[in-house]
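Structure first, then comments.
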Amino acid sequence: MRSDTEIALTAIGVERPSTEAQWLVEEVSGMDASQQLAHASEGVSRRAVSALQLLVERRASGEPLQYVLGSWSFCGIDISVDRRVLIPRPETEVVAQVAIAEVRRCGGRVGPTDATDAWSGNSTAYAVADLGTGSGAIALALAAALPDAEIWATDVSEDAVAVARANIAGAAATRVRLGIGSWFSALPEILRGSLLVVTSNPPYVSEAEYKALPPEVASWEPVSALVSGPTGLEAIEVVVGEAPSWLVPEGSLVVEIGATQASAAIALALDAGFVEAFVIKDLVGRDRVLVARLTD
972 MRSDTEIALT AIGVERPSTE AQWLVEEVSG MDASQQLAHA SEGVSRRAVS
1022 ALQLLVERRA SGEPLQYVLG SWSFCGIDIS VDRRVLIPRP ETEVVAQVAI
1072 AEVRRCGGRV GPTDATDAWS GNSTAYAVAD LGTGSGAIAL ALAAALPDAE
1122 IWATDVSEDA VAVARANIAG AAATRVRLGI GSWFSALPEI LRGSLLVVTS
1172 NPPYVSEAEY KALPPEVASW EPVSALVSGP TGLEAIEVVV GEAPSWLVPE
1222 GSLVVEIGAT QASAAIALAL DAGFVEAFVI KDLVGRDRVL VARLTD
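Here the sequence shown stands for residues 972 to 1267, where the numbers follow my numbering.
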């Protein structure tokens, strides 16, 4: 199965045909590479062959691998994804990691005390928010690492919230709350001034940049989660501008930005009243994460 799949993927120009073939066969068979090898002499059912052919056809149509598989790993957590939400990416893992570090800086405990603490514990000491949560990936990463946090995950898209709800239920993350609405308007007013950290991966692609995106992104991922407006800064400006009134005095804002937006994002943060603002690079050295603090 794997060799035939690799040949088919090579023929359609997939960059990593061997790796993708392995993932697709695992999806259909439910067996990892070693298990497949152990059962190599066994026959393959027609149903498995048909299912694999369908996945290869979807990939051949240009559909991203993550959507074809139906899930992707984010910070070690299996996240269900489809066309209703953005695909979780390594640069966004950096956002989650920075947010966790900011909670630690503010005195929050990081790391569960036992295997279930981060997921099923109901006692919370502070609140954090993930705005524009999409699949819920960042919110779930925060829940896994911050055992004392109540996490609020919001999105204006009802479709995205449906995906996030399924992911949260699947992870049994009882300390994650969902809200539907635009940015901070989706949060209960009682949270104003009480959030320790706010994080967001907002749309930050400009209308002009969108036209240059590869088809695998532009033709498949939700436009509303990618494009902010003419400049690409519209959503960032809203999140940065409103954040100070929702944070505790020592709180922090952590926002994913475009690689060319560092100077503008820092200026927006300082204009909004943050006393410290800087940008952290992603895994390939591009400016990616705005960190804004209300105190030094």
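Think of the CB as a built atom: it goes at the ideal place given N, C-alpha and C, for glycine as much as any other residue.
Range of the contiguous beta strand (DSSP E) that encloses residue i
i	result
Glu1121	Ala1120 to Asp1126
Asp1242	No beta strand (DSSP E) holds Asp1242; the alpha helix (DSSP H) holding it covers Ala1233 to Ala1243.
Tyr1097	Tyr1097 to Leu1102
Gly1150	Val1147 to Ile1151
Ala1031	Here Ala1031 belongs to no beta strand (DSSP E); instead the alpha helix (DSSP H) covers Arg1017 to Ala1031.
For residue i, the nearest candidate out of the options (CA to CA)
i	options	result
Leu1241	Ile983, Arg1264 and Asp1253	Arg1264
Phe1245	Pro1061, Val1255, Tyr1181 and Pro1215	Pro1215
Val1210	Ala1144, Val1147 and Ser1156	Ser1156
Tyr1097	Arg1259, Pro1035, Thr1231 and Trp1217	Trp1217
Gly1200	Pro1220, Ala1179 and Val1188	Ala1179
Ala1072	Ala1243, Gly1222 and Val1255	Gly1222
Leu1057	Trp1191, Val1255, Ile1207 and Ala1243	Trp1191
Ile1081	Gln1232, Leu1036, Ala1115 and Asp1126	The sequence shown places Val at residue 1081, rather than the Ile named in the question. The shortest C-alpha separation from Val1081 is found at Ala1115.
Leu1271	Ser1016, Glu1034, Thr1063 and Leu1026	Absent from the structure is residue 1271, since the part of the chain shown begins at 972 and ends at 1267.
Leu1224	Gly1164, Ala1142 and Leu1197	Gly1164
Gly1256	Leu1239, Val1198, Ala1233 and Ala1248	Ala1233
Ser1106	Arg1017, Pro1059, Gly1033 and Arg1146	Pro1059
Pro1220	Ser1177, Glu1247 and Ile1207	Glu1247
Gly1229	Ile1207, Ile1151 and Leu1162	Ile1207
Glu1213	Ser1177, Leu1197, Ser1000 and Glu1160	Glu1160
Ser1177	Leu1166, Ile1151, Leu1158 and Glu1205	Glu1205
Ser989	Arg973, Ile1251 and Thr1202	Arg973
Ala982	Trp1043, Ser1032 and Lys1252	Ser1032
Residue i versus residue j: straight-line alpha-carbon distance, rounded
i	j	result
Leu1040	Thr1266	44 angstroms
Ala1124	Leu1102	6 angstroms
Val1226	Ala1140	25 angstroms
Ser1195	Thr1104	13 angstroms
Trp994	Pro1193	24 angstroms
Arg1055	Ser1128	9 angstroms
Glu1028	Asp1053	16 angstroms
Cys1077	Leu1036	38 angstroms
Ser1051	Ala1137	8 angstroms
Thr1084	Leu1117	Only weak support is given to the placement of Thr1084: the predicted model assigns it a pLDDT of 48, under 50, and the value that follows is read from those uncertain coordinates. Near 10 angstroms, if we compare the C-alpha coordinates of Leu1117 and Thr1084.
Val1168	Leu1184	31 angstroms
Ala968	Ser1094	The structure shown does not extend to residue 968, since the chain is modelled only from 972 through 1267, so no value can be given for it.
Thr1170	Ala1100	6 angstroms
Val1069	Arg1075	10 angstroms
Gly984	Val1188	17 angstroms
Ala1089	Asp1119	In this predicted model, Ala1089 has a pLDDT of only 46, less than 50, meaning its place in the structure is not dependable; the value taken from the coordinates is given anyway. Distance between the alpha carbons of Ala1089 and Asp1119: 8 angstroms.
Ala1086	Gly1047	Since pLDDT at Ala1086 reaches only 47, below the 50 mark, its modelled position is unreliable, and the value read off the structure follows with that caveat. Distance between the alpha carbons of Ala1086 and Gly1047: 14 angstroms.
Asp1130	Ile1151	10 angstroms
Ala1236	Gln1024	46 angstroms
Pro1277	Val1260	Only positions 972 to 1267 of the chain appear in this structure, which leaves residue 1277 out of reach.
Thr976	Val1134	29 angstroms
Ser1016	Val999	11 angstroms
Residues sharing a beta bridge with residue i, DSSP
i	result
Trp1043	Ile1050
Arg1264	Ser1223 and Glu1247
Leu1166	Ala1098 and Leu1218
Asp1258	Lys1252
Start-to-end residues for the alpha helix (DSSP H) that takes in residue i
i	result
Ile1071	Pro1061 to Arg1076
Leu1158	It is not in any alpha helix (DSSP H) - Leu1158 carries neither H nor E in the DSSP assignment.
Glu986	First-last for Glu986: undefined, no H or E at that position.
Arg1136	Glu1129 to Ala1142
Leu1057	It is not in any alpha helix (DSSP H) - Leu1057 carries neither H nor E in the DSSP assignment.
Leu1111	Ala1108 to Ala1116
Contact test: residue i Cβ vs the ligand GDP heavy atom, cutoff 8 angstroms
i	result
Asp1130	Questions concerning the ligand GDP fall outside what the structure shown contains, since it holds no ligand whatsoever.
- Query: Which residue spans inside the segment 1170 to 1250 form an unbroken alpha helix (DSSP H) run of at least 4?
  - Reply: For the alpha helix (DSSP H) assignment, the uninterrupted runs of no fewer than 4 residues enclosed by the segment 1170 to 1250 are, from N- to C-terminal side, 1178 to 1181, 1186 to 1189, 1194 to 1197, 1205 to 1213 and 1233 to 1243.
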